[in-house]
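*Asks:* Residue numbers (our numbering): 1 to 433. Glycine is no exception: its CB is placed at the ideal position from the N, C-alpha and C atoms. Take a look at this one; I'll ask things after.
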């Protein structure tokens, strides 16, 4: 006899299948002829097929999306992206559009419910090409990228999927996921620059804000956070994926910038992730004086190659671009509870630590830290002993790229609040306990 939970799940799956089978209308978008702008044709198709429909970008065809697109709200729509979408190559023209939008523009803005973005499984098809390399090449000296760079995709669609989403050389921030019950699978983000000196600033992979969001079997090679967790996120999973290049890894925050607001995040799992280079593997960042609670967070089975900071926590973050004020005397900060780092293996980048985002002396990522040996397996700086509890660090099998032993930087992890911490909280050699 079936349990009540099984029956409910079966009913939900049946309803979803029924909804998808009702996509009775199809809109085929004609490919671009030469350099013509496809934006109007794309928008017309989305308006005509905004509900119970299928929208098709022809397999292998090219589409020039020369203006930002805000799609109508979609309901029960499948978007088949078999073709390749091309953003403008004219940097000043794009900057003008972004500036007119107040400096914050997504080139694609999509909202709705039960939306399935299905890209091509063929390696050469299904890409959004932003031609970001020329933007990386034009980085002004001593600054973090050109002004007025567009974000790529705002995907605010609950009960939806992104399958085989592909972004080639994004100009900046790639995907914002907003909503509940979203699954991303087999995504590829390629923001690798042709030169180490031409850094792909702010090429964040996925910004997360919602509940029950999962990313799996994906590859993110970029120059900022592969995944960023924002306020209000609950029950998030990132697993079975590869990240790297100059990535800033799997990050939470920053949180607590507005000290009058309490921010809440819970139930996060990052599991079975391979890292091929990067600045951070796991990172938490909150502002000095912030408020809120982050609980039940696990990074497990993380396999790293030449990563500078494997496990990193700071609760004393301040904006490096402005003069620093005094840190709150009370040690007030976002509370962290039930954090676990389990089974980290691989090598720490000690020979050439850091990355190309360093545009100041000291580098932004070395500020507020003691002098580093760049063999640190763990850096945890809690604002006070009362705001960090039930931390666990176990199964660390790390060494430097020169084969040397590792060390730790640790402050304010009290033994009574962290009885199963797993290592000696002190600045010095990493000693498992």
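Can you grab the Cα-Cα spacing for the pair residue 56 / residue 62, in whole Å?
*Replies:* Approximately 12 Å, taken between the alpha carbons.
*Asks:* Mind checking residue 2: buried by the 16 CB within 10 Å criterion, or exposed?
*Replies:* Unreliable positioning characterises residue 2 in this predicted model, as indicated by a pLDDT of 49, which lies under 50. The coordinate reading is nonetheless provided below. So residue 2 ends up on the exposed side.
*Asks:* Specify, as a first and last residue, the run of the beta strand (DSSP E) that residue 39 falls within.
*Replies:* It is not in any beta strand (DSSP E) - residue 39 instead sits in the alpha helix (DSSP H) that spans 39 to 48.
*Asks:* Pull the bridge partners of residue 388 from the DSSP assignment, please.
*Replies:* Paired residue(s): 336.
*Asks:* Can you tell me whether DSSP reads residue 320 as helix, strand or coil?
*Replies:* Caution is warranted here: a pLDDT of 48 is assigned to residue 320, below 50, making its placement in the model unreliable, and no coordinate value can be reported.
*Asks:* In chain order, which beta strand (DSSP E) runs of at least 3 residues are fully inside the stretch 95 to 169?
*Replies:* Runs found: 106 to 119, 127 to 129, 151 to 158, 160 to 163 and 166 to 168.
*Asks:* Helix, strand or coil: how does DSSP classify residue 359 here?
*Replies:* Residue state, collapsed to three classes: coil.
*Asks:* Is the CB-CB distance between residue 175 and residue 153 below 9 Å?
*Replies:* Cβ atoms of residue 175 and residue 153: closer than 9 Å.
*Asks:* Distance, Cα to Cα, residue 125 vs residue 384?
*Replies:* Whole-angstrom Cα-Cα distance: 51 Å.
*Asks:* Once DSSP output is grouped into helix, strand and coil, what is the label at residue 405?
*Replies:* It is coil, neither helix nor strand.
*Asks:* Any idea what DSSP makes of residue 287, helix, strand or coil?
*Replies:* The answer is strand: DSSP assigns residue 287 an E or B state.
*Asks:* According to DSSP, what are the bridge partners of residue 394?
*Replies:* Looking at the DSSP assignment, residue 394 forms a beta bridge with 342.
*Asks:* For residue 196, name the three-state secondary structure that DSSP assigns.
*Replies:* Residue 196: coil per DSSP, three-state reduction.
*Asks:* If I'm right that residue 459 touches residue 204 with Cβ under 8 Å, what's the distance once you round it to whole angstroms?
*Replies:* This structure leaves residue 459 out entirely; the chain is present only between 1 and 433.
*Asks:* So for residue 173, helix, strand or coil by DSSP?
*Replies:* Three-state DSSP puts residue 173 in coil, outside helix and strand.
*Asks:* So, residue 307 versus residue 349, is the Cβ gap smaller than 9 Å?
*Replies:* Yes, Cβ-Cβ distance for residue 307 and residue 349 is below 9 Å.
*Asks:* At what residues does the beta strand (DSSP E) containing residue 240 begin and finish?
*Replies:* Its beta strand (DSSP E) spans residues 234 to 245.
*Asks:* Do residue 313 and residue 382 have their C-beta atoms within less than 9 Å of each other?
*Replies:* Yes; because the gap between Cβ atoms is below 9 Å, this pair is in contact.
*Asks:* Residue 121: buried (16+ other C-beta within 10 angstroms of its C-beta) or exposed?
*Replies:* Exposed, by the Cβ-count rule.
*Asks:* Cβ of residue 357 within 9 Å of Cβ of residue 172?
*Replies:* Taking 9 Å as the Cβ cut-off, residue 357 and residue 172 do not qualify as a contacting pair.
*Asks:* Who pairs with residue 299 in a beta bridge, going by DSSP?
*Replies:* DSSP lists 270 and 341 as partners of residue 299.
*Asks:* Once you ignore the five residues that flank residue 130 on each side, which residues in its own chain have a CB closer than 6 Å to its CB?
*Replies:* Excluding sequence neighbours, residue 130 sits near 87, 169, 170 and 171.
*Asks:* Kindly indicate which three-state DSSP category residue 486 falls into: helix, strand or coil?
*Replies:* Outside the shown range of the chain, which is 1 to 433, sits residue 486, and nothing can be said about it.
*Asks:* Between which residues of its own chain and residue 417 is the CB-CB distance below 6 Å, once the five residues before and five after are set aside?
*Replies:* Answer for residue 417: 389, listed in chain order.
*Asks:* Label residue 402 either buried or exposed according to how many other C-beta atoms from any shown protein chain fall within 10 Å of its C-beta, with 16 as the threshold for buried.
*Replies:* By the neighbour-count rule (16 or more Cβ atoms within 10 Å), residue 402 is not buried but exposed.
*Asks:* For residue 486, does the three-state DSSP call read helix, strand or coil?
*Replies:* This structure cannot speak to residue 486, because the chain is shown only from 1 to 433.
*Asks:* Given residue 431, which residues of its chain have a CB within under 7 Å of its CB, disregarding the five upstream and five downstream residues?
*Replies:* If we look at residue 431 and ignore the five residues flanking it on each side, its Cβ neighbours are 423 and 424.
*Asks:* DSSP three-state label for residue 422, please.
*Replies:* Of the three classes helix, strand and coil, the one that applies to residue 422 here is coil, per DSSP.
*Asks:* Determine the closest residue to residue 236 out of 255, 198, 271 and 105, with distance taken between C-alpha atoms.
*Replies:* Residue 271 is the option with its Cα nearest to residue 236.
*Asks:* Assuming residue 151 contacts residue 111 (C-beta within less than 8 Å), just tell me the rounded distance between them.
*Replies:* Rounded, the Cβ-Cβ distance is 15 Å, inconsistent with contact.
*Asks:* Who are the near neighbours of residue 305 in its chain, counting only those whose CB is closer than 7 Å to its CB and skipping five residues on each side?
*Replies:* For residue 305, where only same-chain residues beyond five positions count, the Cβ hits under 7 Å are 275, 276, 277, 346 and 347.
*Asks:* What span of residues does the beta strand (DSSP E) with residue 381 cover, start to end?
*Replies:* Looking at the DSSP string, the run of the beta strand (DSSP E) that includes residue 381 is 376 to 381.
*Asks:* Alpha carbon to alpha carbon, what distance is there between residue 98 and residue 157?
*Replies:* When rounded, the distance between both Cα atoms is 24 Å.
*Asks:* Suppose you measure from the CA of residue 215 to the CA of residue 399; what does that come to, to the nearest Å?
*Replies:* Rounded to the nearest angstrom, the two C-alpha atoms are 29 Å apart.
*Asks:* If I measure Cβ to Cβ from residue 211 and keep anything under 6 Å in the same chain, skipping five residues before and after, which residues do I get?
*Replies:* Excluding positions up to five away in sequence, the list reads 180, 234 and 235.
*Asks:* Is DSSP giving residue 190 helix, strand or coil here?
*Replies:* Three-state result, residue 190: strand.
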